[in-house]
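Visitor:
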Amino acid sequence: MTQQAPSKPRRVDASMSLLNNLMAHPIDEGYAAAARTRPNQDGKSARSRYRYRAMLVAATVVLGFLLAVAAAQNYRAAPEAEKQRKELITRINQADTRLSDLRNRQSGLADEVRGLQASGLSNDSSGAALQQKLDDLELQTGAIAATGPGIKAVIDDAKNADAKEGRILDVDLQQLVNGLWTAGAEAISVNGHRITSLTAIRGAGSAITVDYSSLTPPYTVLAIGDTATMPARFAQSSGGQWVQYLVSNFDVRSTITTEDSLLVPADATIALRYAKVGPK
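Numbering follows this note's numbering, in which position 250 of the sequence shown is assigned residue number 723; successive positions increment by one, without gaps.
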């Protein structure tokens, strides 16, 4: 009986020879040989990466230079822009002052004409009656000042008002004035400007204009009328409810008081050119 040679001990991972081969040779021999025959490829890749980085650095430098030039130009232009802004504000203030002077002069001339007219009509009873009718018409149209008891309403922005909430807008003043008319007001002024059928209350940017004059808060509204009925009627009107809504929801400040004597100035831009008495 022939004795067989002892067999080689079996590796415990012999069944995993495929995995072992993959671990020992992760790259196929063909690929490894091809890579060894192209020794310059890595050099080309390195040069490409270098060119890309150089282009990136150059683009960054150019962009930074352009930003620096733009910043320098804006810095140099800022004083000139501020100077132009101040000059524009000065011109606007001068124009407002001239407009006020012209209106005062017009008002003085209108009073002079009215005095001459009254002196000419006071010679007889018919002229005096006609003068009384003219006075009534001028009072209704706002051509002459009005005095008497009434309501004084002061409305102002909220303390922490921003660009969207808490600021008084032109529509708010419109609602307030319309509510006073509904309550029985006979003559109304806003910050010294008489409100007539030809007066516009509008918004111009962040400002409110009345009779084409810019106003600043607080807004003081004077309304001549019956103090016994006007406050309650105003509170029940749509204008009064509008103001109360602003106070309750946007912290707008408002005070309304009754006064024994108010002066509502005339509208200097109105002149009564003719009057016609209707049929009795």
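For glycine and all other residues, C-beta sits at the position ideal for the given N, C-alpha and C.
So Leu-735 and Gly-623 are in contact, right, with Cβ under 8 Å, and what is the actual spacing, rounded?
Guide: About 5 Å; that satisfies the 8 Å criterion.
Visitor: Which full runs of the alpha helix (DSSP H) of 4+ residues lie inside the segment 585 to 627, going along the chain?
Guide: Segments of the alpha helix (DSSP H) lying fully in the segment 585 to 627: 598 to 614.
Visitor: Which of the three DSSP states is assigned to Glu-732 in this structure?
Guide: strand
Visitor: Which residues share a DSSP beta bridge with Ala-677?
Guide: Paired residue(s): Ala-680.
Visitor: Tell me whether Gly-665 is buried or exposed, calling it buried when 16 or more other Cβ atoms sit within 10 Å of its Cβ.
Guide: exposed
Visitor: Can we say the segment 689 to 696 touches the segment 613 to 632, given the rule of at least three CB pairs closer than 8 Å?
Guide: yes
Visitor: Let me know the secondary structure DSSP gives Val-534 once reduced to three states.
Guide: Correct three-state label for Val-534: helix.
Visitor: Tell me which residues share the same chain as Asn-651 and place their Cβ nearer than 6 Å to its Cβ, disregarding the 5 neighbours each side in the sequence.
Guide: Gly-712
Visitor: Alpha helix (DSSP H) containing Arg-706: first to last residue?
Guide: 703 to 709
Visitor: In whole angstroms, what separates the C-alpha of Ile-562 from that of Val-683?
Guide: If you take the alpha carbons of Ile-562 and Val-683, they lie about 19 Å apart.
Visitor: Would the segment 666 to 676 count as touching the segment 642 to 657 if we require 3 or more Cβ pairs under 8 Å?
Guide: With a cut-off of 8 Å, the segment 642 to 657 and the segment 666 to 676 count as touching, because enough Cβ pairs lie within range.
Visitor: What residues in its chain sit with their C-beta under 8 Å from that of Phe-707, if we drop five residues either side in the sequence?
Guide: Ile-624, Gly-652, Leu-653, Thr-655, Ala-656, Gly-713 and Ile-729
Visitor: Let me know if Arg-564 comes out buried or exposed under the rule of 16 or more other beta-carbons within 10 Å of its beta-carbon.
Guide: exposed
Visitor: Going along the chain, which residues of its own chain have a beta-carbon closer than 7 Å to the beta-carbon of Ser-710, five neighbours each way excluded?
Guide: Gly-652, Thr-655 and Ala-656
Visitor: For Gly-621, collect the residues of the same chain with a Cβ closer than 6 Å to its Cβ; drop the 5 residues on either side in sequence, then sort them by chain order.
Guide: Ile-697
Visitor: Where does Leu-646 land, buried or exposed, given buried means 16+ other C-beta within 10 angstroms?
Guide: buried
Visitor: Does DSSP put Ala-631 in a helix, in a strand, or in coil?
Guide: coil
Visitor: Locate the beta strand (DSSP E) running through Leu-695, then write down its first and last residues.
Guide: Start and end: 692 to 697.
Visitor: Are Ala-601 and Ser-595 closer than 9 Å when you measure CB to CB?
Guide: yes
Visitor: Measuring straight from C-alpha to C-alpha, what distance separates Asp-574 and Ile-681?
Guide: 21 Å
Visitor: Cα-Cα, which of Tyr-685, Thr-731 and Arg-640 is closest to Ala-422?
Guide: With the chain running from 474 to 753 in the structure shown, residue 422 is simply not present.
Visitor: On the CB-based measure, 16 or more other CB atoms within 10 Å of its CB, does Ser-662 come out buried or exposed?
Guide: Per the 10 Å Cβ criterion, buried.
Visitor: Compare the Cα-Cα distances from Val-644 to each of Ser-679, Asn-633 and Ala-618 and report the closest residue.
Guide: It is Ser-679.
Visitor: Give me whichever residues DSSP pairs with Leu-582 in a beta bridge.
Guide: By DSSP's assignment, Leu-582 forms no beta bridge with any residue.
Visitor: Use the C-beta contact count for Tyr-718: other C-beta atoms within 10 angstroms, 16 or more gives buried, fewer gives exposed.
Guide: exposed
Visitor: Between Ala-741 and Gln-579, how many whole angstroms is the CB-CB distance? I'm expecting something under 8 Å.
Guide: 5 Å
Visitor: Taking the beta strand (DSSP E) that Val-663 belongs to, which residues open and close that run?
Guide: 660 to 663
Visitor: For the beta strand (DSSP E) that Leu-688 lies in, which residues bound it at each end?
Guide: Unbroken beta strand (DSSP E) run through Leu-688: 686 to 688.
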